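Enquirer: In the numbering used here, the protein residues as written are 1 to 213.
Where a beta carbon is used, it is the ideal one built from N, C-alpha and C, also for glycine.
These figures come from a predicted structure and were not determined experimentally.
Got a structure for you, questions after.
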């Protein structure tokens with residue numbers, strides 16, 4: 001079995017990235033869309049038709065169709081820097097003591113770099129600008145220090161199914177299976193239903209993919 005992690009999206013406006021390459025949600029009609037359709041217009045039409053499931057790439061295409069607001073983003077980052085001055089851990093984050101578990105991060109300098117890239121026209125859409133700021137703040141690993149932009153909250157992304165590691169006899173090395181395959185095995189006579197181990201995920205062998213940081 002080969003898996004692909006980009007599949008169906010569940011919305012009201014909730015997005016599902018399914019593990020299974022065959023794992024489209026059952027009530028999805030979005031897979032029939034032809035190329036060239038404006039993705040946000042498509043999602044709007046689906047929502048109006050009470051279709052609650054659509055593919056993750058449609059949602060991502062919608063988000064990445066939002067144009068860069070250079071002046072607005074420059075002002076936004078200026079405002080964020082004023083707000084972040086109240087975060088007392090910034091000096092420590094940029095120069096942590098020995099033994100600190102995470103990489104040093106200079107929040108203010110990184111915000112300046114993002115702002116400069118916005119002004120230089122490096123970004124092609126506003127979602128990427130907001131995600132870079134969001135990921136920068138996340139890199140501080142401090143749940144009391146957070147900034148969540150509006151575009152990041154348009155969709156919630158979730159995977160259908162899960163991976164399970166099982167040994168065939170409790171002694172041999174385990175294989176990795178999709179949970180739907182294991183459920184099918186449990187519901188049938190094991191001798192009549194040999195489950196198929198996951199051999200690759202997104203084109204990468206399973207063990208290597210699972211061990212990626």
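(1) Whose CA, out of 142, 100, 138, 69, lies closest to the CA of residue 117?
(2) Can residue 54 and residue 63 be called in contact, C-beta distance under 9 Å?
(3) Considering residue 164, what are the terminal residues of the beta strand (DSSP E) in which it resides?
(4) Is the beta carbon of residue 110 less than 9 Å from the beta carbon of residue 83?
(5) Can you say whether residue 198 is buried or exposed, counting buried as having 16 or more other CB atoms within 10 angstroms of its CB?
(6) Going by CA-CA distance only, name the one from 131, 194, 145 that's closest to residue 153.
(7) Between which two residues does the beta strand (DSSP E) carrying residue 154 extend?
(8) The alpha helix (DSSP H) that contains residue 84, what's its start and end?
(9) Is the distance from the Cβ of residue 176 to the Cβ of residue 210 below 9 Å?
(10) Under DSSP, the alpha helix (DSSP H) around residue 207 begins and ends at which residues?
(11) Return the CA-CA distance between residue 47 and residue 149, expressed in angstroms with no decimal places.
(12) Quick check on the DSSP output: what are the complete alpha helix (DSSP H) runs of length 4 or more inside the stretch 106-135, in order along the chain?
(13) I'd like the span of the alpha helix (DSSP H) that includes residue 57, first residue to last.
(14) What is the residue span of the alpha helix (DSSP H) that residue 182 lies within?
(15) What does DSSP give as the partner residue(s) for residue 175 in the beta ladder?
(16) Enumerate in chain order the residues of its own chain whose CB-to-CB distance from residue 115 is below 7 Å, with the five nearest sequence positions on each side excluded.
(17) Hey, how far is the Cα of residue 100 from the Cα of residue 212?
Expert: In short, the structure shows the following:
(1) Counted from its first residue, the chain shown places residue 117 at position 117. Nearest of 142, 100, 138, 69 to residue 117, Cα basis: 69.
(2) By 1-based counting over the chain shown, the position of residue 54 is 54. By 1-based counting over the chain shown, the position of residue 63 is 63. Not in contact: residue 54 and residue 63 (Cβ atoms no closer than 9 Å).
(3) For this step, residue 164 is matched to residue 164 along the chain shown. Start and end: 163-166.
(4) To locate residue 110, count along the chain shown from 1; it is residue 110. To locate residue 83, count along the chain shown from 1; it is residue 83. Taking 9 Å as the Cβ cut-off, residue 110 and residue 83 do not qualify as a contacting pair.
(5) If you number the chain shown from 1, residue 198 lands on position 198. By the neighbour-count rule (16 or more Cβ atoms within 10 Å), residue 198 is buried.
(6) One-based indexing of the chain shown puts residue 153 at position 153. Considering only alpha carbons, the answer is 131.
(7) As a working mapping, residue 154 is identified with position 154 in the chain shown. Careful: residue 154 lies outside any beta strand (DSSP E) and carries neither H nor E.
(8) Position 84 of the chain shown holds residue 84. Counted as a single uninterrupted DSSP element, the alpha helix (DSSP H) harbouring residue 84 occupies residues 70-84.
(9) Start at 1 with the first residue of the chain shown, and residue 176 comes out as number 176. Start at 1 with the first residue of the chain shown, and residue 210 comes out as number 210. Yes, the pair counts as a contact, with Cβ atoms nearer than the cut-off.
(10) Locating residue 207 in the chain shown gives position 207, where the first residue counts as 1. Annotation for residue 207: the continuous alpha helix (DSSP H) segment containing it runs 206-210.
(11) For the purposes of this step, residue 47 is taken as residue 47 along the chain shown, with counting starting at 1. For the purposes of this step, residue 149 is taken as residue 149 along the chain shown, with counting starting at 1. A direct Cα-Cα distance of roughly 23 Å separates residue 47 from residue 149.
(12) You should have 107-119.
(13) By one-based count along the chain shown, residue 57 stands at place 57. Boundaries of the alpha helix (DSSP H) around residue 57: 56-63.
(14) Position 182 of the chain shown holds residue 182. Per DSSP, the unbroken alpha helix (DSSP H) holding residue 182 starts and ends at 179-186.
(15) In the chain shown, counting from the first residue as 1, residue 175 sits at position 175. Paired residue(s): 166.
(16) For this step, residue 115 is matched to residue 115 along the chain shown. Excluding the 5 residues flanking it on each side, residue 115 has same chain C-beta neighbours closer than 7 Å at 74, 77, in chain order.
(17) As a first step, residue 100 is located in the chain shown; it is residue number 100 there, counting from the start. As a first step, residue 212 is located in the chain shown; it is residue number 212 there, counting from the start. So the alpha carbons of these two residues sit roughly 22 Å apart.
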